[in-house]
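Just so you know, the sequences run in chain order A and B.
The first sequence begins at 1 in my numbering and counts up one residue at a time.
The second sequence begins at 238 in my numbering and counts up one residue at a time.
Even for Gly, the Cβ is constructed at its ideal location relative to N, Cα and C.
This structure is a prediction, so every number in the text was calculated from the model and none was measured.
2 protein chains.
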Amino acid sequence: MSEPTTRHPTPAHVTLAVVLQVRDGVLQALLWQRAREPFKGRWSLPGGYLAERDTLEDSIRRHLAEKVDVRELSHLEQLETLSDPTRSPREWQLATAYLGLVPSDIDPELPGDTDWHRVDDLPPLAFDHGSIVLAGRERLRAKLSYTNLGFALAPDEFTISELRDLYAAALGHDVSATNLQRVLLRREVLEPTGRQRASGPTGGRPGSLFRFRTSELEITDQFAVLRPPGPARLPVA
Amino acid sequence: MSEPTTRHPTPAHVTLAVVLQVRDGVLQALLWQRAREPFKGRWSLPGGYLAERDTLEDSIRRHLAEKVDVRELSHLEQLETLSDPTRSPREWQLATAYLGLVPSDIDPELPGDTDWHRVDDLPPLAFDHGSIVLAGRERLRAKLSYTNLGFALAPDEFTISELRDLYAAALGHDVSATNLQRVLLRREVLEPTGRQRASGPTGGRPGSLFRFRTSELEITDQFAVLRPPGPARLPVA
DNA sequence: AAGGTTTGCGACTATGGGGCGAAAACTATG
DNA sequence: CATAGTTTTCGCCCCATAGTCGCAAACCTT
């Protein structure tokens with residue numbers, strides 16, 4: 001395992017990102033239209049070749065920077081590494097896929113070959129990118145349930161109704177605002193800001209504003225089902 | 238993204254596996270003692286370079302076959318790909334780590350340089366292998382809670398007490414046999430075989446034997462916390 | 001038959017989540 | 001200024017899941 005690289009054939013390595021955002025109340029992915037063969041003209045995930053001295057995360061950040069302002073990414077995590085030898089028709093190429101998230105209040109400037117597409121209604125994608133997008137969506141859905149990952153989809157401040165719409169778009173089904181508030185408050189994921197949103201155009205009671213306590217990913221430990229013996233997590237306080 | 242490999246420098250790529258088994262009531266990992274520099278003499282994870290036309294999973298299976306009978310692996314899944322440019326002192330090397338599991342009733346033949354080590358009491362490991370082992374253990378612990386992954390730690394048939402000991406060893410804390418049985422039966426993960434184990438050397442009531450319904454990984458959907466509207470999963474029947 | 005040991009299981013409790021409807025807080029309109 | 005319409009908030013009740021406890025059952029040995 002200590003031999004120099006030259007003794008072993010090495011595959012090309014690219015990084016790809018599934019960048020998701022709730023736009024117009026719908027979960028959308030950032031795609032880019034290929035200018036060259038193979039798959040010329042097809043939509044595909046942003047990314048590119050790994051450069052020397054870059055970690056995979058450096059690499060995907062660098063490539064994404066050509067499409068969007070990377071500082072607007074609220075979350076980035078590795079999804080999986082794909083290695084089917086036939087996944088690229090031209091070369092032996094591995095791909096490490098990342099999941100990136102953008103808060104819903106951001107509208108990044110995009111180059112002409114890049115645009116958002118509804119995840120529920122994707123065009124045919126290049127390579128195996130279609131399945132990668134779905135893997136990213138599944139990861140998002142799962143983590144919304146048992147982590148505080150919602151922070152990565154939401155603006156700094158929001159009402160419960162607004163947050164409900166974000167969750168509903170990402171999860172793909174209706175979400176009860178009552179439940180959402182109770183669950184996230186009990187888990188101490190959300191906290192009230194004390195302020196209120198001015199009421200909307202159709203009137204109605206103005207909603208209180210909340211924020212996520214932290215923008216670091218935290219796992220709700222309640223999900224360790226076969227718990228260690230002892231008292232529960234959050235005493236009645 | 239369509240250029241031939243030669244236009245881009247490519248890193249060496251190795252696959253590694255954290256192979257875990259409950260042995261002597263304790264979670265242990267399969268390690269191998271390096272014969273050469275770097276890290277000569279240190280314990281490290283089994284694995285090796287990726288060969289052409291191999292997927293990553295092919296690769297790790299092939300390398301593991303040199304250490305154990307791969308047919309005895311009850312589960313194998315990708316963990317993560319490590320890319321710190323300094324993770325290997327000699328070359329630019331990426332590593333894709335896998336988690337492998339072996340049922341507790343198996344005692345594979347091992348080559349002389351290979352042995353089991355308690356995960357709670359590991360020697361210093363080569364490269365970043367120490368953190369990889371811990372990542373593997375964390376993945377196992379999480380999935381034991383919300384999937385049927387226990388099948389990969391257990392023999393074909395077992396009593397609840399035996400299964401409890403396996404869970405306790407993997408989870409690192411006591412587990413209630415009553416709870417374990419109720420939870421896994423309700424989830425329809427376990428089923429009774431109808432048979433019984435002869436009672437042990439110290440006497441006592443003989444335990445009924447159970448088996449896992451399937452050896453395919455299944456996720457308990459109960460863990461989608463913000464559920465879609467509608468009735469619960471398993472009606473009283 | 002008696003005592004020791006382990007498993008099986010029912011009863012009770014605690015906790016977290018879902019559903020529903022009434023009350024509250026606003027706007028717009030007359 | 002009252003009334004109607006809209007949206008948010010919140011309390012209440014129910015249910016599903018799981019953690020705890022203790023006794024009964026089933027087996028052994030002596």
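Which residues in chain B have a C-beta closer than 8 Å to the C-beta of V183/A? List them in chain order.
V462 and L463
Looking only at its own chain, which residues have a Cβ that is under 6 Å from the Cβ of F481/B, when we skip the five neighbours before and after it?
Nothing about residue 481/B can be reported from this structure: the residues present for chain B run from 238 to 474 only.
So D402/B is in the alpha helix (DSSP H); what residue range does that whole segment cover?
Where D402/B is concerned, the enclosing alpha helix (DSSP H) stretches over I397 to L408.
Check the Cβ-Cβ distances between V133/A and every residue of chain B, and say whether any is below 8 Å.
no
Taking only beta-carbon atoms, is Y286/B less than 8 Å away from chain A?
With 8 Å as the cut-off, Y286/B counts as an interface residue toward chain A.
Closer than 7 Å by beta-carbon distance: list the chain A residues that pair up with H312/B, in chain order.
Per Cβ cutoff of 7 Å: no residues; H312/B is ~16 Å from chain A at best.
Within a Cβ cutoff of 8 Å, which residues of the same chain sit near T242/B, ignoring the five residues on either side of it in sequence?
For T242/B, the predicted model reports a pLDDT of 46, less than 50, meaning its position is unreliable; a value from the coordinates is still stated below. None.
Any idea what DSSP makes of I456/B, helix, strand or coil?
strand
With a threshold of 8 Å between beta carbons, is V412/B in contact with chain A?
At least one chain A Cβ lies under 8 Å of V412/B.
Have a look at P103/A, T10/A and G47/A and flag the residue whose alpha-carbon is nearest the alpha-carbon of D24/A.
P103/A
Interface residues of chain A around S320/B at Cβ under 7 Å?
Around S320/B, the beta-carbon contacts reaching into chain A at under 7 Å are T55 and L56.
Spell out the partners DSSP gives W280/B in its beta bridges.
Q270/B and L362/B
With 8 Å set as the bound, which would you pick, yes or no: does the beta-carbon of S239/B sit closer than that to a beta-carbon of chain A?
At S239/B, the pLDDT of 38 sits below 50, so the modelled position is not reliable; the number obtained from the coordinates is stated separately. So, interface residue.
I need the straight-line Cα distance from S413/B to L282/B, nearest angstrom please.
Computed Cα separation, rounded: 33 Å.
DSSP three-state call for L153/A: helix, strand or coil?
Coil.
According to DSSP, is E240/B helix, strand or coil?
Low per-residue confidence applies at E240/B: pLDDT is 41, beneath 50, and the placement is therefore not dependable enough to give any value.
Taking all protein chains shown into account, decide if N148/A is buried (16 or more other Cβ within 10 angstroms of its Cβ) or exposed.
buried
DSSP three-state label for T439/B, please.
coil
Going by the beta-carbon positions, is the gap between S445/B and T396/B smaller than 8 Å?
yes
Alpha carbon to alpha carbon, what distance is there between L338/B and L310/B?
6 Å
For a contact defined as C-beta to C-beta under 9 Å, what are the partners of T96/A on chain B?
T318, S320, L331 and T333
For G47/A, which option in R90/A, P155/A, P9/A and T114/A has the closest C-alpha, if you only look at C-alpha atoms?
T114/A
Give every residue of the same chain whose Cβ lies closer than 7 Å to the Cβ of A169/A, excluding the five residues on either side of it in the sequence, and list them in chain order.
If we look at A169/A and ignore the five residues flanking it on each side, its Cβ neighbours are V22, G25, V26 and L27.
Could you list which residues in chain B have their beta carbon closer than 8 Å to that of N179/A, in chain order?
L463
In whole angstroms, what separates the C-alpha of H479/B from that of W353/B?
In the structure as shown, chain B starts at 238 and stops at 474, and residue 479/B therefore has no counterpart that could be examined.
Measuring CA to CA, which of L313/B, L287/B and A249/B is closest to D84/A?
The candidate whose alpha carbon is nearest that of D84/A is L287/B.
From this set, R308/B, G278/B, G387/B and V356/B, which residue's C-alpha is nearest A372/B's C-alpha?
V356/B
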